[in-house]
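K.L.:
So that we are looking at the same thing, I have put the structure below in structure tokens.
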Amino acid sequence: MSMSSNYYYYSSSSCPTLVFSTTNPRVSLSLSPTSSSTYSSLRTRSIIRRFPYLAFSRAANAAAETFEDKKWSSSSSTRSISGSELGYSHTFIDALSEQDLLSVIQRELEAGTLPKHVAHSMEELYQNYKNAVFQSGNPLAEDIVLSNMRVAFDRMYLDVKEPFEFSPYHEAIREPFNYYMFGQNYIRPLINFRESYVGNVSLFSEMEEQLKQLLNSRGGSKIIWIAPSGGRDRPDPVTNQWFPAPFDATSLDNMRRLVDHAGVVGHIYPLAILCHDIMPPPPQVEKEIGEKRLISFHGTGISVAPEVNFQKATASCGSPEEAKAAYSQTLYDSVYEQYNVLQSAINGGKGLEASTSSVSLSQPLQPVD
């Protein structure tokens, strides 16, 4: 009987729970009844609706790529394909310059098809994104900004006209509009790859290979990404330094139990991500949805450590509650250590020299000059 394998990553990033399946090409926001750290997809929906300076970003050149792929595919018919069939309204897609794009906002505002606060947010987002992309020094920055923002505005405009309501679970939308490529293309220009690092890349490679081997296993080959602090990471009010928020021990214990009773082999790995400089949240956790995000061009980092075995981590504990706390602390300590290494490499300017005996940094993705 073949065995399937699940990987559970515990992260200090302020991201919602993501579920990725190699057997089914989908990325889904998940509601977990056992974890208080999970953001609901309805909250995500509300954030997107308010367009808060890229609370959740998606991306750009995919518009032209998707359009051309569909238009010229040998399997498609000879008739012309309308923008609506590809998921575009062409209200913003047809803009040929920055002036054209911004004038469309004003035109739709005057026509009453865009609420005033949405129009203002779109204009501010454009300038914010433009400034960030121009920080990269990319000679094609102007074209990149126009291409990406045309698509972003088109998505926002369509959402105002026909709001999309997320259910607790849904499959990722790849057609007629490819939201995955949208996100990739939108965020890529904001990442300074020369100052970005991966910790312990060999562990990622090993897990990728195992997932490939188990691709056809029934009910396996899935990655679940969980933020056990609920995505509430904020800077220290005194030092202004960022650090991973304490983990919710009960949420971790619930997920561990879920792994143990899943019927397939599961592995729990501590994962650290440093990316807040690209879109830092407010200094304090805000109750209101729609918090403002200022965008910048910056380096990022991600690191994973060896999986944590519950029995080994809690061998000296005398009670279930003590074991729950000890396990949570072991995972947190690993994430905290990895985060500090990434912080030293990226914001401390040490680069690869920030590597330690347990966190080996590398730069597998480098732009070609």
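The numbering of the sequence shown is the working numbering, which starts it at 291 and goes up by one. Even glycine gets a Cβ: it sits at the ideal position worked out from N, Cα and C. Treat the numbers as computed from the prediction; the structure is a model and nothing was measured.
By Cβ distance, which residues of its chain are closer than 7 Å to E388, with the 5 residues on each side in sequence left out?
P.N.:
Taking the first residue of the sequence shown as position 1, residue 388 is located at position 98. The answer, listed in chain order, is L436.
K.L.:
Considering only their Cβ atoms, is the gap separating Y476 from A442 smaller than 8 Å?
P.N.:
Reading the sequence shown from its first residue, position 152 is the one you call residue 442. Reading the sequence shown from its first residue, position 186 is the one you call residue 476. In contact: A442 and Y476 (Cβ atoms closer than 8 Å).
K.L.:
Bridge partners of L651, per DSSP?
P.N.:
On the sequence shown, residue 651 is found 361 positions in, with the first residue counted as 1. G489.
K.L.:
What did DSSP end up calling I514 once you bin it into helix, strand or coil?
P.N.:
Here residue 514 corresponds to residue number 224 of the sequence shown, with the count starting at 1. In the structure shown, I514 sits in a strand (DSSP, three-state: E or B).
K.L.:
Under three-state DSSP, which class holds P466?
P.N.:
Your numbering for residue 466 matches position 176 in the sequence shown. Looking at P466 - three-state DSSP - the assignment turns out to be coil, as it is neither helix nor strand.
K.L.:
Mapping DSSP to helix, strand and coil, what is V528?
P.N.:
Your numbering for residue 528 matches position 238 in the sequence shown. Coil.
K.L.:
Is it the case that the segment 607–617 contacts the segment 587–594, given that we only count it when at least three CB pairs across the two stretches are under 8 Å?
P.N.:
Result no; under three Cβ-Cβ pairs closer than 8 Å.
K.L.:
For the alpha helix (DSSP H) holding V435, just list the boundary residues, first then last.
P.N.:
By one-based count along the sequence shown, residue 435 stands at place 145. Here the alpha helix (DSSP H) through V435 covers 431–451.
K.L.:
Helix, strand or coil: how does DSSP classify H410 here?
P.N.:
Working through the sequence shown from its first residue, we reach residue 410 at position 120. Three-state result, H410: helix.
K.L.:
For the alpha helix (DSSP H) containing V598, name the first residue and the last one.
P.N.:
If you number the sequence shown from 1, residue 598 lands on position 308. Note, V598: premise wrong, no alpha helix (DSSP H); not H, not E.
K.L.:
Would you kindly work out how many angstroms separate the C-alpha atoms of K360 and F472, rounded to a whole number?
P.N.:
The residue given as residue 360 occupies position 70 in the sequence shown. The residue given as residue 472 occupies position 182 in the sequence shown. Because K360 sits at a pLDDT of 36, beneath the cut-off of 50, its placement in the model cannot be relied upon, and the following sentence gives the value as read from the coordinates. Rounded to whole angstroms, K360 to F472 spans 16 Å at the Cα level.
K.L.:
Have a look at R445 and S486 and give me their C-alpha separation to the nearest angstrom.
P.N.:
In the sequence shown, residue 445 corresponds to position 155, counting from 1. In the sequence shown, residue 486 corresponds to position 196, counting from 1. Cα to Cα, R445 sits roughly 29 Å from S486.
K.L.:
Classify G473 as helix, strand or coil using the three-state DSSP reduction.
P.N.:
Indexing the sequence shown from 1 puts residue 473 at position 183. Reduced to three states, the DSSP call for G473 is helix.
K.L.:
Between N418 and Q425, what straight-line distance do the alpha-carbon atoms span, to the nearest angstrom?
P.N.:
Against the sequence shown, residue 418 aligns to sequence position 128. Against the sequence shown, residue 425 aligns to sequence position 135. Spanning the two alpha carbons is a distance of roughly 11 Å.
K.L.:
Please report the residue range of the alpha helix (DSSP H) in which V394 lies.
P.N.:
The residue given as residue 394 occupies position 104 in the sequence shown. Segment 388–401, the alpha helix (DSSP H) holding V394.
K.L.:
What residues are listed by DSSP as bridge partners for G608?
P.N.:
Within the sequence shown, residue 608 is the residue found at index 318, counting from 1. DSSP lists no partner for G608.
K.L.:
Would you kindly check if the distance between the Cβ of A539 and the Cβ of L632 is under 8 Å?
P.N.:
Taking the first residue of the sequence shown as position 1, residue 632 is located at position 342. Taking the first residue of the sequence shown as position 1, residue 539 is located at position 249. Going by C-beta atoms, L632 is not nearer than 8 Å to A539.
K.L.:
I'd like the span of the alpha helix (DSSP H) that includes A644, first residue to last.
P.N.:
The residue you call residue 644 lines up with position 354 of the sequence shown. Taken as a continuous stretch (DSSP letters only), A644 belongs to no alpha helix (DSSP H), as it is neither H nor E.
K.L.:
Work out the CA separation of F454 and N466 for me, nearest whole Å.
P.N.:
Within the sequence shown, residue 466 is the residue found at index 176, counting from 1. Within the sequence shown, residue 454 is the residue found at index 164, counting from 1. Looking at the sequence provided, one finds Pro at residue 466 rather than Asn. Whole-angstrom Cα-Cα distance: 15 Å.
K.L.:
Could you check what DSSP says for V625 in three-state terms: helix, strand or coil?
P.N.:
Translated into positions along the sequence shown, residue 625 becomes position 335. In this structure, V625 counts as helix in the three-state DSSP scheme.
K.L.:
Quick one: grab the DSSP three-state call for I592.
P.N.:
Against the sequence shown, residue 592 aligns to sequence position 302. Residue state, collapsed to three classes: strand.
K.L.:
Tell me, which residues are paired with V423 by DSSP?
P.N.:
Against the sequence shown, residue 423 aligns to sequence position 133. BP columns for V423 are empty, so no partner.
K.L.:
Quick one: Cα of G427 to Cα of I585, how far?
P.N.:
In the sequence shown, counting from the first residue as 1, residue 427 sits at position 137. In the sequence shown, counting from the first residue as 1, residue 585 sits at position 295. Going from the Cα of G427 to the Cα of I585 covers about 15 Å.
K.L.:
Which one of W515, L501, N421, P534 has the shortest CA to CA distance from Y622?
P.N.:
In the sequence shown, the residue the question calls residue 622 occupies position 332. Of the listed residues, the one whose Cα sits closest to Y622 is P534.
K.L.:
Helix, strand or coil: how does DSSP classify V554 here?
P.N.:
Stepping through the sequence shown from its first residue, residue 554 is reached at position 264. If DSSP states are grouped into helix, strand and coil, V554 belongs with coil.
K.L.:
Just mark A605 as buried or exposed, buried being the case when its beta carbon has 16 or more other beta carbons within 10 Å.
P.N.:
The residue given as residue 605 occupies position 315 in the sequence shown. Per the 10 Å Cβ criterion, exposed.
K.L.:
Pick helix, strand or coil for I636, following the three-state DSSP scheme.
P.N.:
Against the sequence shown, residue 636 aligns to sequence position 346. Three-state result, I636: helix.
K.L.:
In its own chain, which residues sit with a C-beta less than 6 Å from the C-beta of A409, not counting the 5 before and 5 after it?
P.N.:
Your numbering for residue 409 matches position 119 in the sequence shown. Within the same chain, A409 has close Cβ partners I395, L399.
K.L.:
Do S287 and L504 have their C-beta atoms closer together than 8 Å?
P.N.:
The chain is shown from 291 up to 659; residue 287 falls before or after that span and cannot be answered.
K.L.:
Taking 8 Å as the threshold (C-beta atoms), are P560 and V625 in contact?
P.N.:
Taking the sequence shown and counting its residues from 1, one reaches residue 625 at position 335. Taking the sequence shown and counting its residues from 1, one reaches residue 560 at position 270. Yes, they are a contact pair.
K.L.:
In this structure, what does DSSP give as the bridge partners for I481?
P.N.:
The count along the sequence shown starts at 1 and reaches residue 481 at position 191. According to DSSP, I481 bridges with H588.
K.L.:
Just verifying my parser: in three-state terms, what is the DSSP assignment at Q656?
P.N.:
Stepping through the sequence shown from its first residue, residue 656 is reached at position 366. Q656 falls in the coil class under three-state DSSP.
K.L.:
State the Cα-Cα distance for the pair L651 and K420, rounded to the nearest angstrom.
P.N.:
Taking the sequence shown and counting its residues from 1, one reaches residue 651 at position 361. Taking the sequence shown and counting its residues from 1, one reaches residue 420 at position 130. Going from the Cα of L651 to the Cα of K420 covers about 31 Å.
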